[in-house]
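**Q** Quick one: structure below, then a few questions.
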Amino acid sequence: MAAGKRTSLVLLLLVVFGAMSLWFVSAALLPGMIAEFPISPFRQAALSSAVQLGFVVGALASAVLGIADRHDPRRVLGLAAVLAGLVNLTLLASTPGSAAAIAARGLTGALLAGVYPVGMKIAVGWGEKDRGFIVGSFVGALILGSAVPHLFALAGGTDWRPTVVIASLAAIAGGLLAQLVGLGPHHAQSKRFDPRAIVTAWTNRRVRLAYAGYFGHMWELYAMWAWVAVIAALSYGRHMSEERAVTLAAVTAFVSIGAGGIVSMLAGRRADRVGKADVALAAMAVSGTCAVLAALSFGGPVWITFAVIVAWGASISPDSAQFSALVADNAPPDQTGSLMTLQTALGFALTFVTVQATPVLAQWWGWPAVMAIMALGPAIGIVAMMRLKAIA
């Protein structure tokens, strides 16, 4: 890897790590916020699901308007990250769980649509034969950034406000750093969203199966990420004080989500060798099994619950990048960008529903039942990947 390529990719990974630390700020803050303010289960969920919905709106608007093609993608990424950091700071002036706080989270999600897809576009411009590794590393940095608010929350103790400030500054720093990233030799402008992609997504069987696998993956992923700290705290709380349980739950959330980031990088390298569908299938088989084991171990010995959740987090995300790559591999060249945009938008729209519904269903049926339901996503994804492999 040439020095210029290596330097630019390392800088890009640092940028996305800092900016994406805003994604799960509300999940990391929730225990501290609830201790100070009464927040209904619906509004607790809305603080996280608003980000998902905002991202969908932002991604579609960006694609339709061709923002990243009409302007330097580094400028787009940088401005989006800085603005997202500033918007996140408004949480300090809002009542937790209020309409203003939820709206701020939604706007943050819309701005992060200028970070994730645009950063991915810059990343893939740096390679072809090693694209699986590059995309896996990019997603790994994104995941580690998503995990780090739980680490920030530990530094702040019971006060949630320092986490808001630290995550905001990390995003702003990432946006400024983006200006130093270079564009690779394979960087090219992609067309604006092509409405014909909606038909192709259904009529092209290979693309349709890649979509199905991605939707199964997304069914499980963000519901787990958004609520893992709450799940762990409630489980640990049966064996220790509430304060110790919340602290250990933050550690658990950071380690489990962060493990997924590291494994995603390794999986990207593996996918370049053995095949993207194989890597996605194996990851879903493990994550689905872990979801069921987490349900069975809920409230059990702390060390068992910790180990299962970490294994779940390590296996739940490595397939993410491969689904996008599978769409790119099987799509008509002139519709690749539009099909990937549609895939991402529909997937995150699904997560809005799952993240919002999770605490409500848990209130009705209990957390073990909800975790078992999460395993349905990987099960559907496994079937889709087996069918894709059969026709490949």
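Residue 141 in my numbering sits at position 141 of the sequence shown, with consecutive numbering throughout.
C-beta atoms are modelled at their ideal positions from N, C-alpha and C, and glycine is treated no differently.
Buried or exposed: which applies to Asp72, given that a residue is buried once 16 or more other Cβ atoms fall within 10 Å of its Cβ?
**A** Here residue 72 is taken as the residue at index 72 of the sequence shown, counted from 1. With fewer than 16 Cβ atoms within 10 Å of its Cβ, Asp72 is classed as exposed.
**Q** Comparing alpha-carbon positions, which option in Pro301, Ala314 and Phe37 lies nearest Ser94?
**A** What you label residue 94 is simply residue 94 of the sequence shown in a count that begins at 1. Cα-wise, what sits closest to Ser94 is Phe37.
**Q** Let me know the secondary structure DSSP gives Val165 once reduced to three states.
**A** Within the sequence shown, residue 165 is the residue found at index 165, counting from 1. Correct three-state label for Val165: helix.
**Q** Could you tell me which whole alpha helix (DSSP H) segments of length 4 or greater appear in the region 10-80?
**A** For the region 10-80, whole alpha helix (DSSP H) runs of length 4 or above, ordered along the chain, are 25-36, 41-65 and 67-70.
**Q** Apart from the five residues just before and just after Trp367, which ones in its own chain have a Cβ nearer than 7 Å to its Cβ?
**A** Your numbering for residue 367 matches position 367 in the sequence shown. Within the same chain, Trp367 has close Cβ partners Ile231, Leu234 and Phe298.
**Q** Do Ser21 and Arg105 have their C-beta atoms within less than 8 Å of each other?
**A** For the purposes of this step, residue 21 is taken as residue 21 along the sequence shown, with counting starting at 1. For the purposes of this step, residue 105 is taken as residue 105 along the sequence shown, with counting starting at 1. No.
**Q** Report all residues from its chain with a CB closer than 6 Å to the CB of Gly58; omit the five preceding and five following residues, and keep chain order.
**A** Locating residue 58 in the sequence shown gives position 58, where the first residue counts as 1. Same-chain partners within the cutoff: Ala110 and Ala113.
**Q** What's the gap between the Cα of Met1 and the Cα of Ile373?
**A** The sequence position of residue 1 within the sequence shown is 1, counting from 1. The sequence position of residue 373 within the sequence shown is 373, counting from 1. Low per-residue confidence applies at Met1: pLDDT is 48, beneath 50, and the placement is therefore not dependable enough to give any value.
**Q** Could you compute how far the alpha carbon of Ser315 sits from the alpha carbon of Pro195?
**A** Here residue 315 is taken as the residue at index 315 of the sequence shown, counted from 1. Here residue 195 is taken as the residue at index 195 of the sequence shown, counted from 1. In a straight line, the C-alpha of Ser315 is about 34 Å away from that of Pro195.
**Q** DSSP state of Arg196, grouped into three classes?
**A** The sequence position of residue 196 within the sequence shown is 196, counting from 1. Coil at Arg196, not helix or strand.
**Q** With respect to the alpha helix (DSSP H) encompassing Gln322, which residues constitute its N-terminal and C-terminal limits?
**A** In the sequence shown, residue 322 corresponds to position 322, counting from 1. Here the alpha helix (DSSP H) through Gln322 covers Ser320 to Asn330.
**Q** If you count every other CB in all the chains shown that lies within 10 Å of the CB of Phe133, and 16 or more means buried, which is it?
**A** Along the sequence shown, read from residue 1 onward, the residue named residue 133 stands at position 133. Phe133 comes out buried.
**Q** Can Ala201 and Lys276 be called in contact, C-beta distance under 8 Å?
**A** Numbered from 1 along the sequence shown, position 201 holds the residue referred to as residue 201. Numbered from 1 along the sequence shown, position 276 holds the residue referred to as residue 276. No. Outside cutoff.
**Q** Under three-state DSSP, which class holds Ile218?
**A** The residue labelled residue 218 in the question sits at position 218 within the sequence shown. Reading the sequence as shown, one finds Met at residue 218 and not Ile. Helix, per DSSP.
**Q** Does DSSP put Ala277 in a helix, a strand or coil?
**A** Position 277 of the sequence shown, counted from the start, is the residue given in the question as residue 277. In this structure, Ala277 counts as helix in the three-state DSSP scheme.
**Q** According to the Cβ coordinates, are Gly184 and Lys5 closer than 8 Å?
**A** Locating residue 184 in the sequence shown gives position 184, counting from the first residue. Locating residue 5 in the sequence shown gives position 5, counting from the first residue. Taking 8 Å as the Cβ cut-off, Gly184 and Lys5 qualify as a contacting pair.
**Q** Looking at C-alpha atoms only, which residue of Pro378, Met224 and Phe254 is the closest neighbour of Phe352?
**A** By one-based count along the sequence shown, residue 352 stands at place 352. Among Pro378, Met224 and Phe254, the Cα nearest to that of Phe352 belongs to Met224.
**Q** Which residues bound the alpha helix (DSSP H) around Thr305?
**A** Translated into positions along the sequence shown, residue 305 becomes position 305. Segment Val302 to Ile316, the alpha helix (DSSP H) holding Thr305.
**Q** Tell me the rounded alpha-carbon separation between Val56 and Gly347.
**A** Taking the sequence shown and counting its residues from 1, the one referred to as residue 56 is at position 56. Taking the sequence shown and counting its residues from 1, the one referred to as residue 347 is at position 347. Approximately 9 Å, taken between the alpha carbons.
**Q** For Leu12 versus Ala123, is the C-beta spacing smaller than 8 Å?
**A** As a working mapping, residue 12 is identified with position 12 in the sequence shown. As a working mapping, residue 123 is identified with position 123 in the sequence shown. Contact flag set, yes.
**Q** Between Gly377 and the rest of its own chain, which residues show a CB-CB distance below 6 Å, the 5 nearest in sequence each way excluded?
**A** On the sequence shown, residue 377 is found 377 positions in, with the first residue counted as 1. Excluding sequence neighbours, Gly377 sits near Gly216, Trp219 and Glu220.
**Q** Under a three-way DSSP split, which group does Met1 fall into?
**A** The residue you call residue 1 lines up with position 1 of the sequence shown. Confidence at Met1 is low in this model, with a pLDDT of 48, below 50, so the placement of that residue should be treated as unreliable; the coordinate-derived value is given next. Residue state, collapsed to three classes: coil.
**Q** Are three or more beta carbon pairs between the region 279-293 and the region 333-344 nearer than 8 Å?
**A** In short, these stretches do not touch, since the Cβ pair count stays below three.
**Q** Measuring only the C-alpha atoms, how far is Leu86 from Lys389?
**A** Counting from 1 along the sequence shown, the entry for residue 86 is found at position 86. Counting from 1 along the sequence shown, the entry for residue 389 is found at position 389. If you take the alpha carbons of Leu86 and Lys389, they lie about 45 Å apart.
**Q** Given Met371, which residues of its chain have a CB within under 6 Å of its CB, disregarding the five upstream and five downstream residues?
**A** Start at 1 with the first residue of the sequence shown, and residue 371 comes out as number 371. Ala291, Ala294 and Ala295, listed in sequence order.
**Q** When burial is assigned at 16 or more other CB atoms within 10 Å of the CB, is Ser241 buried or exposed?
**A** As a working mapping, residue 241 is identified with position 241 in the sequence shown. When all chains shown are included, Ser241 counts as exposed.
**Q** Run the CB neighbour count on Trp303, radius 10 Å, all protein chains shown included, and call it buried at 16 or more, exposed below.
**A** Position 303 of the sequence shown holds residue 303. It counts as exposed.
**Q** Which word fits Arg74, buried or exposed, when buried means at least 16 other C-beta atoms lie within 10 angstroms of its C-beta?
**A** As a first step, residue 74 is located in the sequence shown; it is residue number 74 there, counting from the start. It counts as buried.
**Q** Taking the C-alpha atoms as reference points, what is the distance between Val16 and Ser146?
**A** Translated into the one-based positions of the sequence shown, residue 16 becomes position 16. Translated into the one-based positions of the sequence shown, residue 146 becomes position 146. Each residue's alpha carbon lies about 10 Å from the other.
**Q** How close, in whole Å, do the beta carbons of Gly258 and Leu144 come, if the pair is a contact with beta carbons under 8 Å?
**A** To locate residue 258, count along the sequence shown from 1; it is residue 258. To locate residue 144, count along the sequence shown from 1; it is residue 144. The pair is a contact, with the Cβ atoms about 5 Å apart (cut-off 8 Å).
**Q** Where Val148 and Phe254 are concerned, what is the direct C-alpha to C-alpha distance, given to the nearest angstrom?
**A** On the sequence shown, residue 148 is found 148 positions in, with the first residue counted as 1. On the sequence shown, residue 254 is found 254 positions in, with the first residue counted as 1. If you take the alpha carbons of Val148 and Phe254, they lie about 6 Å apart.
**Q** Going by CA-CA distance only, name the one from Leu29, Ser8, Ser137 and Val10 that's closest to Pro318.
**A** For this step, residue 318 is matched to residue 318 along the sequence shown. With distances taken between Cα atoms, Pro318 lies closest to Ser137.
**Q** Which residues in the same chain as Gln44 place their Cβ atom closer than 8 Å to its Cβ, once the five residues preceding and following it in sequence are excluded?
**A** For this step, residue 44 is matched to residue 44 along the sequence shown. Hits under 8 Å: Leu30, Ile34, Gly97 and Pro359.
**Q** Taking the alpha-carbon positions, what's the Ala321 to Lys121 distance?
**A** Here residue 321 refers to the residue found at position 321 when the sequence shown is read from its first residue. Here residue 121 refers to the residue found at position 121 when the sequence shown is read from its first residue. Each residue's alpha carbon lies about 13 Å from the other.
**Q** Around the C-beta of Asp334, are 16 or more other C-beta atoms found within 10 angstroms, so that it is buried, or is it exposed?
**A** Taking the first residue of the sequence shown as position 1, residue 334 is located at position 334. With fewer than 16 other Cβ atoms within 10 Å, it is exposed.
**Q** Check this for me: beta carbons of Val115 and Ala61, under 8 Å apart or not?
**A** For this step, residue 115 is matched to residue 115 along the sequence shown. For this step, residue 61 is matched to residue 61 along the sequence shown. No, the pair does not count as a contact, with Cβ atoms beyond the cut-off.
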